[in-house]
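Counting in full-length UniProt numbering, the sequence shown runs from 1 upward without gaps.
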Amino acid sequence: MDGAVLIAIAATIGNLLQGWDNATIAGAVIYIKREFKLQTEPTIEGLIVAMSLIGATIITTFSGPVSDRHGRRPLLILSSVLYFVSGVVMLWSPNVYTLLLARLIDGFGVGLAVTLIPVYISETSPPEIRGQLNTLPQFSGSGGMFLSYCMVFLMSLMANPNWRVMLGVLSIPALVYLALTVFFLPESPRWLVSKGRMVEAKRVLQRLRGRDDVSGEMALLVEGLGVGADTSIEEYIIGPANEIIDEQEHDGEKEQITLYGPEEGVSWVARPVKGQSILGSVVSRYGSSLEKQGNIPLMDPLVTLFGSVHEKLPVTEMGSMRSTLFPNFGSMFSVAGPKTEQWDEETGQREGDEYVSDVAAGSDSDDNLQSPLISRQTTSMEGKDIVPPQAAHENGEAVSSMGIGGGWQLAWKWAEREGPDGNKEGGFKRIYLHQEGVPGSRRGSLVQVPGQEVPEESEFIQAAALVSQPALYSKELLDQHPIGPAMVHPSETVSKGSVWADLLEPGVKQALIVGIGIQILQQFSGINGVLYYTPQILKQAGVEVLLKNLGLGSDSSSILISSLTTLLMLPAIGVAMRLMDISGRRFLLLSTIPILICSLLVLIIANLVELGTVAHAVLSTVSVIAYFCCFVMGFGPIPNILCAEIFPTRVRGICIAICALVFWIGDIIVTYSLPVMLNSIGLAGVFGIYAIVCVIAFFFVFLKVPETKGMPLEVITEFFAVGAKQKQQAKQN
């Protein structure tokens, strides 16, 4: 996965530039005021800082639809160009109005970077380390702030600090970023697939994953093109074909999916469990805490549904693309390796292939699990006709071409039945499979499931399944009554229907509620107020006096204090990067928000109660440090991470833009309301409001925000569709 890591690091230079710019203007504005004599012009002074926010807000309005149409990479290139141009113009800036224009251009670059980099990283990263890589923007932004503060501090020691050089230096790292976006960063493979550019997408995936066999993930990206599919949850028992006894065979009804392992002659059978699915029931039969969660008032079913996966399923090894508890589960899906797919991007067809399979109209068919991208190939084949290919091996273990990350497997089944009129009727279904619980032991006891038995001394697993109609098996195609699993080209699927109409799909609306809600709460949780108050706190703690005793002026002291504050964030972000894919996003939020609340309460008490100079300074300093560290571990990076994960590929750009627009508007409101609130209700009142918002945020996260760690993006969006469907059904009942 080195390819994905390097790509993510290169992409987050855009966030480093954002942090660099934020810190530089905070230090340079001291000298800008003196040169342009803005002491009596607070509006102009405020605009110099705020023009970047205004530019980011404006560009965010257009960034989503444009990135969905033209790609993520071109807009990242544009972002680097805007950074470079703004740096050059700020270096020149003969007057304040030119400086305002340069700041606006800079805001355009910031808006594109902040909006699209999390999306880009999410779409190129493996599920197992996606959270870790998507925490890099927070680390890079804080790192950029620290480096910039160090530069401004050193320049402040000069006799005549030059603010133009401070701001213009931005163009140097921007030039490096431009070179990386042009020559190193590939286009998002998910976006390429959405445009039908399959060959390019495959090459990018091979580069990102460092292996040639990416057919399983390619198939996953194709399946991710659908929005609002009617998904059902089923459960399967998977084991050796000769060891699972299906009592319903006595009734003459065969319902099974044949799976083929890496060794010739070894086959496995997946049979649906009749009755209630473990995953669908949302109540774990293993005595899990989910049973209690399911009875919590106002708890969104979506949260419990996601939790049921993480509660029962094994944690995969960091960076692994295979199941750890059942090694064969990652390789048993290699079925009759299909020929190399080479889509014709112009016509949507392949050489020697037709839209309708050659299956005979009168042949009978079992439900057979099939290899990825087998579109328009027959699936009505008996086990004896299939010769399993040799499985690819990595580090001595079997690796499946069907693995899509996080222990999930992708498959399809074609079920053909005789209808009431005597004609054959087919149904093509896509399945996401995931191991549940633990595999049966060879010496385990008899396991009873509804309608089935698994004998002793067997090796079996339970698998949860999300079953839906494939993205390429359109309703229009179904109306044509094709023979066999005919499918359309991905580009044809994407071009049909209104993208804006997809925003009204229940699953997308549910995701928007989560994304917009958490972005609003993040902005009003108090980070701007604490940042504003930090220099005053550290001054009271005696830091400024100490620095002055070292011979530093007031300007240099304030800049150095800000750099030390930023430095405190970096170790905490490093811890968050480590925990993001282990403990999860939801856990980090629920663990850090209470500390934010306690820190704000201590600050309120310190400002209302006379504690003495030393006690006040110590309490305030400790509270600020705790607030900063916990914020950058949870509420800092996670809203952007979640927003980049929970939307379908087809509308991801638009939805991200909506959430980012809320973010920037909230940022502007908080920034400009802070001085007014300080004058009206005082510092304690401001922190009181922030504490109340943090309490609301805690309950919002607990009741509405699901855990998405380790899950492929396409599976996450499928769960949102299922959760929204459950809510609708609950309301109807």
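Using N, Cα and C, we set each Cβ at its ideal position, and we do this for glycine too. Owing to the predicted nature of the structure, the values given are computational and were not obtained by experimental measurement.
If you draw a straight line from the Cα of I431 to the Cα of L410, it is about 6 Å long.
Around the beta carbon of S680, fewer than 16 other beta carbons sit within 10 angstroms, so the residue counts as exposed. M633 has its alpha-carbon roughly 29 Å from the corresponding atom of L154. In the assembly as shown, E645 is a buried residue. Its beta-carbon has 16 or more other beta-carbons within 10 Å.
The beta-carbon distance between L178 and F84, rounded to whole angstroms, is 6 Å. This is short enough to meet the 8 Å contact definition. The C-beta distance from A4 to Y120 rounds to 11 Å, too long to fall under 8 Å, and the pair is not in contact. In chain order, T649 and E714 place their CB closer than 6 Å to the CB of G224, counting only its own chain and leaving out the 5 sequence neighbours on each side. Rounded to the nearest whole angstrom, the C-alpha separation of E610 and S67 is 54 Å. Assigned with DSSP and collapsed to three states, R578 falls in helix. Counting only residues of its own chain and dropping the five nearest sequence neighbours on each side, K429 has a CB closer than 6 Å to the CB of K413 and V467. Taking the Cα of F628 as reference, the smallest distance to any Cα among A8, L503, L567 and L608 is reached at L567. Per the coordinates, the alpha-carbon of C659 lies some 15 Å from the alpha-carbon of F524. Counting only runs that start and end inside the segment 666-733, the alpha helix (DSSP H) elements of at least 4 residues fall at 713-732. Using a C-beta cut-off of 8 Å, the segment 583-597 makes no contact with the segment 40-59, since fewer than three inter-stretch Cβ pairs fall below that distance.
The C-alpha of R203 lies about 34 Å from the C-alpha of Y236. For E505, the three-state secondary structure derived from DSSP is coil. The Cβ atoms of T135 and A463 do not sit closer than 8 Å to each other.
Rounded to whole angstroms, the Cβ separation of S557 and A26 is 14 Å, and the two are not in contact under 8 Å.
Looking at the DSSP output, G239 shares a beta bridge with V269. Here DSSP, grouped into helix, strand and coil, assigns Q409 to strand. Pairing I13 with P94, the inter-Cα distance amounts to about 29 Å.
Scanning P240, R164 and I668 for the CA closest to the CA of A270 turns up P240. It is roughly 20 Å from the alpha-carbon of S194 to the alpha-carbon of L504. In the three-state DSSP reduction, K429 falls in the strand class (E or B). The segment 522-573 is shown to contain whole alpha helix (DSSP H) runs of 4 or more residues at 527-540 and 543-549, in chain order.
Secondary structure at A464: strand, using DSSP grouped into helix, strand and coil.
Checking the DSSP bridge columns, you'll see S232 partnered with V467. Assignment of Q138 by DSSP, reduced to helix, strand and coil, places it in the helix class.
Of all alpha-carbon atoms in V182, N160, V693 and V110, the one lying nearest the alpha-carbon of I77 is that of V182.
With contacts defined by Cβ atoms closer than 8 Å, I641 and R586 do not form a contacting pair. In terms of CA proximity to P637, R130 leads the group L100, R130 and L192. In the displayed model, I404 falls within a strand according to three-state DSSP. The distance from the Cβ of I233 to that of V722 is about 6 Å, consistent with a contact at the 8 Å cut-off. About 48 Å separates the Cβ atoms of P173 and Q726, ruling out a contact at the 8 Å cut-off. Looking at the backbone, the Cα of T115 and that of L75 are separated by about 10 Å. Residues S156 of the same chain have their beta carbon placed closer than 8 Å to that of G553, with the five preceding and five following residues left out of the count.
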